[in-house]
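Just so we're aligned, residue 3 is where the sequence shown starts under the working numbering, counting upward by one. Worksheet: one structure, shown below.
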Amino acid sequence: MYQEVKNYIGGQFSRNGQSSMDVLNPQTGKVISTVPMSTAKDLDMAVEAAKQAFPAWSSTPIKERVQIFYRYKALMEKNIQELSQMVADENGKTLDEARAEVEKSIELTEFACSLPQMVYGEILEVSRGVECRVEHKALGVVASIAPFNFPHMVPHWTIPNAIALGNCMILKPSEQVPISSNRIAEMLKEAGLPDGVFNIVNGDRAIVEAICDHPEIQAVSFVGSTKVAKIVYQRATSNLKRCTALGGAKNHLMVMPDAHPDMTASNVTASMSGCAGQRCMAASAMVAVGSIDPIISKICDEARKIIPGKNLGSVISLEAKQRIERYITEAENAGAKVLVDGRNWKVEGFEGGFYVGPTVIDFVTPDMAIAKEEVFGPVLAIMRAKDLDEALAIENSSEYGNAASVFTQSGGVARQVMERASAGMIGVNIGVPVPREPFSFGGWNESKFGVNDITGKSSIELWTKLKKTSVKWNPEGKTNWMS
Ligand code: NAD
């Protein structure tokens, strides 16, 4: 059991008699905490605290601001075991996966520590004695809304960068996995972050809507499903806020006949089953180009080595398990062939857990729901294509556009995919092509709404506005139309 989750406002943890929801450990199905369902009033208090903190925080030099994140990074390293266990308990992923997630949070924080090297301004003498300078300035109070699948990492896509750049933040964690966020707040405070700079308001849709409507919030970042990303993007921007909203995904792996069989099989399987397929970068559809049956057979062998409860975590909820199994059954009924079947798994000693075993389905056709929709489980839907053009046509027809990968030994084929795949993140012989820092993360099409990516250098434009100043200190200087 964990302590009850609280809001964190102005440096204080609080729970003000709001209604609450149970938080379950998806590996056991048992209640491990409760989370408050806050109201717009709670959000008002958090925004007020952030607003109060903003003048002092934004006028602190950035080199001082990032010192807090150096200390915070050291705290994460020191407490990595505890943080990983917390992520595994609330999300259901394996301890190794949870540790990798926290390691990524550390890398994201390292990037924020390097921001002083990236945001120094520009200056130019534009005419004799007259100079123009450009500086990045913080926006004010900003908000970050997170999904369930990475309780620690996704908040770190936004917290270190937005705060190091001088903003004050309200985080709305997923109500399904709110425990890690309370620990983030404690550790930021321990690292020396002034009260009010970081705040948490827990809750569901009502808080997200209140964030989109709040007149004092300048920018909103969202990560979650496409359905909600669209709602948030439309509502936040119609209220004249900046918004970057990342949505769902359907990522295609194109496997060519010349692909390295062992490397391809292990990469494809890891991509589809890692974090129980609950990654927006997961390989959920594979396009087998030409005759690659031996590779498919190796993928099945690899998939059979993945055992729920051992090296495969659970999915987030009973509802998710039922949805995933429904997709498999519908595809089977429509004529697809289930080669490895993960339905109806029970893990001994964890009978209440929400487990789906690794599943490989062949002869899926592009019109089936499992080929088009986000399944978000450890399921690989294999479609057949006669050549690369047909494979790319399938990939291009997806509404989403987060990631696409090709497995091949041919540079020419790889180049074609790099050019022609309609996705923001491309892999060549890599099943999960997540760009590492300082490169930014963000998809195309219905996988992202808004101009900026959410991490890396691109996030600087999201979290700051430019101030342009023209200066003349020489009264004797000639005046012309530009000065
Ligand atoms: P979700 O959209 O259900 O929830 C995300 C957040 O929105 C949560 O904080 C939730 O409380 C809130 N929310 C839910 N319904 C809402 C509504 N109707 N109105 C306003 N707010 C609402 O997503 P999820 O199930 O938590 O996360 C899984 C989804 O996130 C998948 O689709 C996955 O692909 C996506 N995801 C995308 C990326 C990416 O980088 N593109 C990264 C991680 C997850």
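Every residue gets a Cβ at the ideal spot worked out from N, C-alpha and C, and that includes glycine.
Candidates A52, S116 and V7: which alpha carbon is nearest S35's?
Position 33 of the sequence shown, counting from 1, holds the residue named residue 35. Checking every option, the nearest Cα to that of S35 belongs to V7.
What first and last residue would you give for the beta strand (DSSP E) that runs through F200? Indexing the sequence shown from 1 puts residue 200 at position 198. Its beta strand (DSSP E) spans residues F200 to I202.
Margin query: Does V377 come out as helix, strand or coil in the three-state DSSP assignment?
Written below: The residue labelled residue 377 in the question sits at position 375 within the sequence shown. Looking at V377 - three-state DSSP - the assignment turns out to be coil, as it is neither helix nor strand.
**Request:** Specify, as a first and last residue, the run of the beta strand (DSSP E) that R244 falls within.
**Result:** Counting from one through the sequence shown, the residue named residue 244 turns up at place 242. Per DSSP, R244 belongs to the beta strand (DSSP E) from R244 to L248.
Using a threshold of 7 Å, is the CB atom of L248 nearer than that to any non-hydrogen atom of ligand 1? Start at 1 with the first residue of the sequence shown, and residue 248 comes out as number 246. L248 Cβ: within cutoff of ligand 1.
Cut-off 6 Å between Cβ atoms - residues of its own chain near E137, not counting five sequence neighbours on either side:
Against the sequence shown, residue 137 aligns to sequence position 135. Cβ within range, chain order: G123 and K469.
Quiz item: Regarding G131 and ligand 1, is the C-beta to nearest heavy atom distance less than 7 Å?
Solution: Counting from one through the sequence shown, the residue named residue 131 turns up at place 129. Checking the Cβ of G131 against ligand 1 gives no.
Contact check, A261 vs Q411 under 8 Å by CB: the rounded distance?
-> If you number the sequence shown from 1, residue 261 lands on position 259. If you number the sequence shown from 1, residue 411 lands on position 409. The pair is a contact, with the Cβ atoms about 7 Å apart (cut-off 8 Å).
- Can you give the Cα-Cα distance for K385 and C115, rounded to whole angstroms? Counted from its first residue, the sequence shown places residue 385 at position 383. Counted from its first residue, the sequence shown places residue 115 at position 113. It is Met, not Lys, that sits at residue 385 in the sequence shown. Rounded to whole angstroms, M385 to C115 spans 44 Å at the Cα level.
Report task. Find the nearest neighbour of I308 within the set E327, A267, M283 and I297, judged by alpha-carbon distance. Result -> Position 306 of the sequence shown, counted from the start, is the residue given in the question as residue 308. Comparing Cα positions, the closest option is A267.
Next on the checklist: Which complete beta strand (DSSP E) runs does the stretch 261-330 hold, if anything under 3 residues is left out?
Outcome noted: 285-291
Quick one: what does DSSP say E137 is sitting in, helix, strand or coil? Start at 1 with the first residue of the sequence shown, and residue 137 comes out as number 135. Note: E137 maps to strand in three-state DSSP.
Burial state of W475 (16 or more Cβ within 10 Å):
Here the question's residue 475 lines up with position 473 in the sequence shown. It is exposed - the Cβ of W475 has fewer than 16 other Cβ atoms within 10 Å.
Per DSSP, cross-strand counterpart(s) of N9: One-based indexing of the sequence shown puts residue 9 at position 7. Partner(s): S16.
- prompt: Should L248 be labelled buried (16 or more other beta-carbon atoms within 10 Å of its own) or exposed?
  reply: The sequence position of residue 248 within the sequence shown is 246, counting from 1. That one is buried.
Quick check on the DSSP output: the alpha helix (DSSP H) that includes L394 runs from which residue to which?
The residue given as residue 394 occupies position 392 in the sequence shown. Its alpha helix (DSSP H) spans residues L390 to N398.
TODO: Identify whether P118 lies in helix, strand or coil by the three-state DSSP scheme.
DONE: By 1-based counting over the sequence shown, the position of residue 118 is 116. Helix at P118.
| message | Please report the straight-line C-alpha distance between R306 and F378, rounded to a whole angstrom. | response | The residue labelled residue 306 in the question sits at position 304 within the sequence shown. The residue labelled residue 378 in the question sits at position 376 within the sequence shown. So the alpha carbons of these two residues sit roughly 19 Å apart.
*Would you check if there are 3 or more beta carbon pairs closer than 8 Å linking the stretch 124-133 to the stretch 103-112?*
no
Bridge partner(s) assigned by DSSP for F224:
Walking along the sequence shown from the start, residue 224 turns up at place 222. Paired residues: I147 and A247.
Within 7 Å: the Cβ of G226 and any heavy atom of ligand 1? Position 224 of the sequence shown, counted from the first residue, corresponds to residue 226. It does: the Cβ of G226 is within 7 Å (strictly closer) of some heavy atom of ligand 1.
query: Who does E211 pair with in a DSSP beta bridge?
result: Position 209 of the sequence shown holds residue 211. DSSP output for E211 lists no bridge partner at all.
Please go through the stretch 13-56 and give each complete alpha helix (DSSP H) segment of 4 or more residues, from N-terminal end onward. none
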